[in-house]
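Participant:
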Amino acid sequence: MTDPDADAGSDPGAGSDDAATVPVVTDGAPRNDNPYSQGVRAGDTLYVSGYGPVDPATDERVPGNVRAQTGRVLDNVAAVVEAAGGDGLDDVVKVTVYLTDLDEYGAVNEAYGARFGDDPPARVCVEVSRLPDDVSVEMDAVAYLG
1 MTDPDADAGS DPGAGSDDAA TVPVVTDGAP RNDNPYSQGV RAGDTLYVSG
51 YGPVDPATDE RVPGNVRAQT GRVLDNVAAV VEAAGGDGLD DVVKVTVYLT
101 DLDEYGAVNE AYGARFGDDP PARVCVEVSR LPDDVSVEMD AVAYLG
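Residue numbering for the sequence shown follows the UniProt record's numbering, beginning at 1 and increasing consecutively.
1. DSSP state of Asp101, grouped into three classes?
2. Output the distance between the C-alpha atoms of Arg31 and Asp55, rounded to the nearest integer angstrom.
3. Please report the straight-line C-alpha distance between Val22 and Gly88, rounded to a whole angstrom.
4. I want to know whether the stretch 67-82 touches the stretch 45-54 - three or more CB-CB distances under 8 angstroms.
5. Compare the C-alpha of Val126 against each of Arg72, Thr45, Val97 and name the closest.
6. So Asp140 packs on Gly50, CB below 8 angstroms; how close in whole Å?
7. Could you tell me which of Ala111, Ala107, Arg61 sits nearest to Asp29, measuring between CA atoms?
8. Going by beta carbon distance, what residues of the same chain come within less than 6 angstroms of Arg123, once the five residues before and after it are set aside?
9. From Glu138 to Gly86, what does the alpha carbon distance come to, in whole angstroms?
10. Any idea what DSSP makes of Asp134, helix, strand or coil?
11. What are the boundary residues of the alpha helix (DSSP H) that Thr58 is part of?
12. Could you check what DSSP says for Ala78 in three-state terms: helix, strand or coil?
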């Protein structure tokens, strides 16, 4: 349980197994009017909402092939992690990739591997029939910020 005598401004995860959750808000990743947070921090764990290849500066879908789109998706994920006090993709421990065409799996792997290198996080990749705004790739993530 949360200590009622604790300082209200203290770190939400400090010394408590029942940490408060804190929504993460950043202009570095797309924002919209849908009823969800860009990310939610619970103690040292950050849950990043699903992002497609949308440029936050223009709110437009990034043109080009799935490699370029994957890069933008990962930029969006990194921005949310950084806004929560993390070290971008270095703190990501789990990613779920949603693809509308599993034939693009290899191209996504190339872009993904270039960003995560030799120590990538755990990952699941699933093919879905459709994604919001008719994008072809979306990812959500979990990061550890401890």
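We put the CB at the ideal spot given by N, CA and C, even for glycine.
On a predicted model such as this, the values are computed, not experimentally measured, just so you know.
Facilitator: According to the structure data:
1. coil
2. 10 angstroms
3. 18 angstroms
4. yes
5. Val97
6. 4 angstroms
7. It is Ala, not Asp, that sits at residue 29 in the sequence shown. Looking at the Cα atoms, Arg61 is the closest of the given residues.
8. Val95
9. 21 angstroms
10. helix
11. Neither: Thr58 is in no alpha helix (DSSP H) and is coded neither H nor E.
12. helix
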